[in-house]
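Have a look at the structure below before the remarks.
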Amino acid sequence: AYEHDIQALSAQVKQVQDDAARLQKAYAGEKAEDIRKHEQSVSEAWSVLLGRSSDRRQLLVDTVDKFRFFGMVRDLLLWMDDINLQIDAQEKPRDVSAADLVIKNHQGIKAEMEARTDSFNACIAMGDDLLTKGHYASTKIVEKLSQLQERRKEIND
Numbered sequence: 114a115y116e117h118d119i120q121a122l123s124a125q126v127k128q129v130q131d132d133a134a135r136l137q138k139a140y141a142g143e144k145a146e147d148i149r150k151h152e153q154s155v156s157e158a159w160s161v162l163l164g165r166s167s168d169r170r171q172l173l174v175d176t177v178d179k180f181r182f183f184g185m186v187r188d189l190l191l192w193m194d195d196i197n198l199q200i201d202a203q204e205k206p207r208d209v210s211a212a213d214l215v216i217k218n219h220q221g222i223k224a225e226m227e228a229r230t231d232s233f234n235a236c237i238a239m240g241d242d243l244l245t246k247g248h249y250a251s252t253k254i255v256e257k258l259s260q261l262q263e264r265r266k267e268i269n270d
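Per my numbering, the sequence shown runs over residues 114 to 270.
In structure tokens, the structure reads:
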């Protein structure tokens with residue numbers, strides 16, 4: 114909505130600039146100079162507004178990226194918590210058939226972990242990309258990346 118308002122204002126600013134150029138030709142001396150100063154002040158204010166609007170838009174895009182990354186990290190951490198609970202909830206085998214069942218269960222968990230490799234890689238790549246771009250939340254992103262990688266290492270060991 115805000116960008117649409119700016120586009121609407123753009124036409125009005127262009128009209129003011131065109132009118133100022135036309136009036137400067139029609140008037141001479143002090144009047145022409147006053148018109149030029151007013152037109153220059155409108156142009157400068159317009160440039161400042163466009164710059165601030167662009168900065169704000171970039172901040173919003175960066176914030177969306179940050180929360181998308183944090184959401185990916187959260188989902189992977191929750192998944193790893195679930196895996197740890199599954200592993201911890203298993204009883205110690207007392208006979209060969211129970212040991213066989215535990216081994217099959219662990220193989221299933223390992224297959225699930227391998228299936229998540231792409232998700233981990235995508236999340237880490239996104240975090241690295243945000244850091245490369247100099248994201249405003251770089252400290253938190255580094256923290257989340259470290260947390261994710263440490264937990265992944267723990268679960269793989």
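Even for Gly, the Cβ is constructed at its ideal location relative to N, Cα and C.
Less than 7 Å between the beta carbons of residue i and residue j, yes or no?
i, j, result
"Phe182", "Gly240", "yes"
"Ser251", "Leu261", "no"
"Val129", "Val155", "yes"
"Ala133", "Glu146", "no"
"His248", "Asp188", "no"
By alpha-carbon positions, which one of the options ends up nearest to residue i?
i, options, result
"Asn292", "Glu225, Glu157, Glu256, Leu173", "The chain is shown from 114 up to 270; residue 292 falls before or after that span and cannot be answered."
"Ile254", "Met185, Tyr140, Lys144, Lys127", "Met185"
"Lys217", "Asp178, Gln199, Thr230, Asp270", "Gln199"
"Ala202", "Trp159, Val215, Val126", "Val215"
"Leu122", "Val174, Trp159, Asp213", "Trp159"
"Phe233", "Lys205, Leu172, Asn269, Ala212", "Asn269"
"Gln137", "Glu227, Ala228, Arg149", "Arg149"
"Ala235", "Leu258, His219, Asp131, Lys127", "Leu258"
With a threshold of 7 Å between beta-carbons, can residue i be considered close to chain D, or not?
i, result
"Ala141", "Considering every chain present, this structure includes no chain D. It has just one protein chain."
Does the segment 192-207 come close enough to the segment 257-269 that 3 or more CB-CB pairs lie under 8 Å? yes
Within the segment 177-261, note down every full beta strand (DSSP E) run reaching 3 residues or more, in order along the chain. none
Check whether the segment 116-123 touches the segment 158-174, taking contact to mean three or more Cβ pairs, one atom from each stretch, closer than 8 Å. yes
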